[in-house]
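Shown next, in the form of C-alpha cells:
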C-alpha cells in the first residue's frame, strides 16, 4: 500500500501530508518558515513566550491602545463548520486539517494513529469547539504541550514531533490523470478504485495513455524529493479558509526532546 497522499501536478490542490513530494530540479526554493517552526506550526502554532491563553475580553484588544472600542468577539463556529483542527488529547497539541479528502475525523486519526485525538472546528483554536460543544480552551489538556512534551504522547509512535504518513486510499478526491509523487516515483491515477481491499490503480507516467508526450517529458525532468516540514506547514496554512486568523499562529522557542527508543512498528517513512 502506498503511504503518501497525492501532490497534484494538475494544480487543483496540494494535499498536506505524506512522506514525499515533487520539486522541479533546482527550481523550487525552500519555502521560508521560522527556524523554530517545522512541526511547531503543524502542531498548533507554539505561541511566543508572552502569548498565553486569551484573557477574558482582552485577547483581540489593540496591543498599542490606539483604539477606544472593545475587542471584537469571534463568532462561535457550529460543530462541523469552520476550519478543522486535529488535537492530540494527551498533550493538547494540534494542527489544521485540509478539507476535501476524507472526513476530518478520519484524517485526524490517520495522521495521528498512536494517540487519542479529537477534532475541533472554528476560525481560531482558542474558540474552536468539538462536535459535543466542548471548547478546546476548556479541555483538560488545552495547551499542555507548552509546558512539557511526553515521550509516550506521539502521533507516529516514535517521537512527539512527527506525524504519520497517510495512505492514498484516504484521498477520495483523486481524479483520472492526477499525478502523484510516491517513494517509487511519479505515477498517474487511472480513475479505477480498487475493490475488496485492493489499492487504487496507478500507472507510471511513461505508460499512462491519458497524457501527451510533452507533459510526460516535462514530468520526467522533475525529481521526487523528501518534503520538508516547512513546506507542509505552508501548505496547511494556505489550505485553511480565508476567515481563519493565521496571525494568531505563532511559534515558541524550540524544545529538546530525548529520543524515544524505536518500537519496531514504524513501517512507513515519517515526516521529520
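In the numbering used here, the protein residues as written are 945 to 1216. Glycine is no exception: its CB is placed at the ideal position from the N, C-alpha and C atoms. This one's a predicted model, so the numbers in the text were calculated from it and none came from an experiment.
* To do: Give me the Cα-Cα distance between residue 1087 and residue 1037, rounded to the nearest whole angstrom.
  => Reading the chain shown from its first residue, position 143 is the one you call residue 1087. Reading the chain shown from its first residue, position 93 is the one you call residue 1037. Residue 1087 and residue 1037 have their C-alpha atoms roughly 7 Å apart.
* What is the DSSP secondary structure of residue 1108, counted as helix, strand or coil? -> Looking up residue 1108 in the chain shown gives position 164. DSSP places residue 1108 in coil when its eight states are reduced to three.
* Rounded separation between residue 1039 and residue 1165 - CA only -> Within the chain shown, residue 1039 is the residue found at index 95, counting from 1. Within the chain shown, residue 1165 is the residue found at index 221, counting from 1. Taking the straight line from one Cα to the other gives about 33 Å.
* Express the C-alpha separation of residue 1069 and residue 1080 in angstroms, rounding to a whole number. => On the chain shown, position 136 is the one that residue 1080 refers to. On the chain shown, position 125 is the one that residue 1069 refers to. Roughly 7 Å between the two C-alpha positions.
* **Inter-residue Cα distance where the pair is residue 1177 and residue 1030** => Residue numbering aside, residue 1177 sits at position 233 when the chain shown is read from its first letter. Residue numbering aside, residue 1030 sits at position 86 when the chain shown is read from its first letter. Low confidence applies to residue 1177: its pLDDT is 46, below 50, so where it sits in the model is not reliable, and the reading given next is rough at best. Pairing residue 1177 with residue 1030, the inter-Cα distance amounts to about 14 Å.
* To do: State buried or exposed for residue 1153, treating a residue as buried only when at least 16 other CB atoms are found within 10 Å of its CB.
  => Here residue 1153 refers to the residue found at position 209 of the chain shown. In the assembly as shown, residue 1153 is an exposed residue. Its beta-carbon has fewer than 16 other beta-carbons within 10 Å.
* To do: Go ahead and pull the three-state DSSP assignment for residue 885.
  => Any question about residue 885 goes unanswered here, given that the chain covers just 945 to 1216.
* Could you check which residue in 1146, 1066, 1130 and 1047 has the C-alpha nearest to that of residue 1159? => Translated into positions along the chain shown, residue 1159 becomes position 215. For the options 1146, 1066, 1130 and 1047, the alpha carbon positioned closest to that of residue 1159 is the one of 1130.
* Buried versus exposed call for residue 1150 [16 or more other C-beta atoms within 10 Å across all chains shown] -> Taking the chain shown and counting its residues from 1, the one referred to as residue 1150 is at position 206. A residue is called buried when at least 16 other Cβ atoms come within 10 angstroms of its Cβ; residue 1150 does not meet this threshold and is exposed.
* To do: Compute the Euclidean distance between the alpha carbons of residue 1157 and residue 1127, then round it to the nearest angstrom.
  => What you label residue 1157 is simply residue 213 of the chain shown in a count that begins at 1. What you label residue 1127 is simply residue 183 of the chain shown in a count that begins at 1. Spanning the two alpha carbons is a distance of roughly 23 Å.
* To which residues does DSSP link residue 1038 through a beta bridge? -> Taking the chain shown and counting its residues from 1, the one referred to as residue 1038 is at position 94. Checking the DSSP bridge columns, you'll see residue 1038 partnered with 1031.
* **For residue 1086, the three-state DSSP class (helix, strand or coil)** => Locating residue 1086 in the chain shown gives position 142, where the first residue counts as 1. Correct three-state label for residue 1086: coil.
* To do: Name the residue from 1093, 1091, 1051 and 1071 whose alpha carbon lies nearest to the alpha carbon of residue 1083.
  => As a working note, residue 1083 is residue 139 in the chain shown. Residue 1083 has its Cα closest to that of 1071, out of 1093, 1091, 1051 and 1071.
* To do: Sort out for me which residues DSSP pairs residue 1135 with in a bridge.
  => On the chain shown, residue 1135 is found 191 positions in, with the first residue counted as 1. For residue 1135, DSSP records no beta bridge to any residue.
* Asked: CA-CA distance, residue 1095 and residue 1046?
  -> Along the chain shown, one-based indexing puts residue 1095 at 151. Along the chain shown, one-based indexing puts residue 1046 at 102. Going from the Cα of residue 1095 to the Cα of residue 1046 covers about 29 Å.
* The beta strand (DSSP E) enclosing residue 1148, as first and last residue numbers -> Start at 1 with the first residue of the chain shown, and residue 1148 comes out as number 204. That run of the beta strand (DSSP E) goes 1146-1148.
* So which of 1099, 1105 and 1162 has the shortest CA-CA distance to residue 1060? -> As a first step, residue 1060 must be located in the chain shown, where it is residue number 116. Comparing Cα positions, the closest option is 1099.
* Asked: Are residue 1033 and residue 1062 closer than 8 Å when you measure CB to CB?
  -> For this step, residue 1033 is matched to residue 89 along the chain shown. For this step, residue 1062 is matched to residue 118 along the chain shown. Yes, Cβ-Cβ distance for residue 1033 and residue 1062 is below 8 Å.
* Asked: Cα-Cα, which of 1105, 1026 and 1148 is closest to residue 1055?
  -> Start at 1 with the first residue of the chain shown, and residue 1055 comes out as number 111. Selected option, being the one with the closest Cα: 1105.
* Confirm, please, whether the CB-CB distance from residue 1145 to residue 1085 is below 8 Å. => Counting from one through the chain shown, the residue named residue 1085 turns up at place 141. Counting from one through the chain shown, the residue named residue 1145 turns up at place 201. No, the Cβ-Cβ distance between residue 1085 and residue 1145 is not below 8 Å.
* Candidates 1135, 1167, 1124 and 1028: which alpha carbon is nearest residue 1073's? -> What you label residue 1073 is simply residue 129 of the chain shown in a count that begins at 1. Looking from the CA of residue 1073, the closest CA among 1135, 1167, 1124 and 1028 belongs to 1028.
* Asked: Can you give the beta carbon distance from residue 1135 to residue 1120, rounded, assuming they're within the 8 Å contact cut?
  -> As a first step, residue 1135 is located in the chain shown; it is residue number 191 there, counting from the start. As a first step, residue 1120 is located in the chain shown; it is residue number 176 there, counting from the start. The pair is a contact, with the Cβ atoms about 3 Å apart (cut-off 8 Å).
* In the structure shown, what three-state DSSP assignment does residue 1155 receive? -> Translated into the one-based positions of the chain shown, residue 1155 becomes position 211. Three-state result, residue 1155: coil.
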